[in-house]
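Enquirer: Can you keep this structure in mind? I'll have questions shortly.
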Amino acid sequence: MPRYRPHVAARPSWRCRVCGAAWPCSPARLALLGEFREDRTALLIHLGTLLCEATADLAAGRPDTAPGHLAERFVLWARRR
225 MPRYRPHVAA
235 RPSWRCRVCG
245 AAWPCSPARL
255 ALLGEFREDR
265 TALLIHLGTL
275 LCEATADLAA
285 GRPDTAPGHL
295 AERFVLWARR
305 R
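Residue numbers (my numbering): 225 to 305.
Right, dumping it as structure tokens:
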């Protein structure tokens, strides 16, 4: 039986260690929504913190990374639900 592997970010690339997609990938987003199901504010604070870390990591390697794109990728998706 296959063992579940959590979809976590590989830093400093911020790609999923399991599927290789830009993190948070769809499975990671579902897991985060489940984990923070009772506290959307805490989820947004957590994602905002990760956004700051990712911005620093990605800006060092790719100065052309658009902050607006990162905000959509890390935080804004969680506000829609």
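Just so it is clear, CB atoms sit at the ideal spot from N, CA and C, and this is done for glycine as well.
Going by C-alpha to C-alpha distance, which of A284, C249, C240 and A283 sits closest to W301?
Expert: The residue given as residue 301 occupies position 77 in the sequence shown. Considering only alpha carbons, the answer is C249.
Enquirer: With burial defined as no fewer than 16 other Cβ atoms inside 10 Å of the residue's Cβ, what is the status of H231: buried or exposed?
Expert: Position 7 of the sequence shown, counting from 1, holds the residue named residue 231. Buried, by the Cβ-count rule.
Enquirer: Check R227 in the structure and name its three-state DSSP category.
Expert: Taking the first residue of the sequence shown as position 1, residue 227 is located at position 3. Reduced to three states, the DSSP call for R227 is coil.
Enquirer: In whole angstroms, what separates the C-alpha of T279 from that of G258?
Expert: For this step, residue 279 is matched to residue 55 along the sequence shown. For this step, residue 258 is matched to residue 34 along the sequence shown. Rounded to whole angstroms, T279 to G258 spans 25 Å at the Cα level.
Enquirer: Could you tell me the alpha carbon to alpha carbon distance between H275 and L268, rounded to whole angstroms?
Expert: Residue numbering aside, residue 275 sits at position 51 when the sequence shown is read from its first letter. Residue numbering aside, residue 268 sits at position 44 when the sequence shown is read from its first letter. Checking the sequence, you will find Leu at residue 275 rather than His. Whole-angstrom Cα-Cα distance: 10 Å.
Enquirer: Using the C-alpha atoms, what's the distance from A283 back to A252?
Expert: The residue you call residue 252 lines up with position 28 of the sequence shown. The residue you call residue 283 lines up with position 59 of the sequence shown. A252 and A283: Cα-Cα distance of roughly 23 Å.
Enquirer: Roughly how many angstroms separate the alpha carbons of A255 and R229, rounded to a whole number?
Expert: Taking the sequence shown and counting its residues from 1, one reaches residue 255 at position 31. Taking the sequence shown and counting its residues from 1, one reaches residue 229 at position 5. Rounded to whole angstroms, A255 to R229 spans 12 Å at the Cα level.
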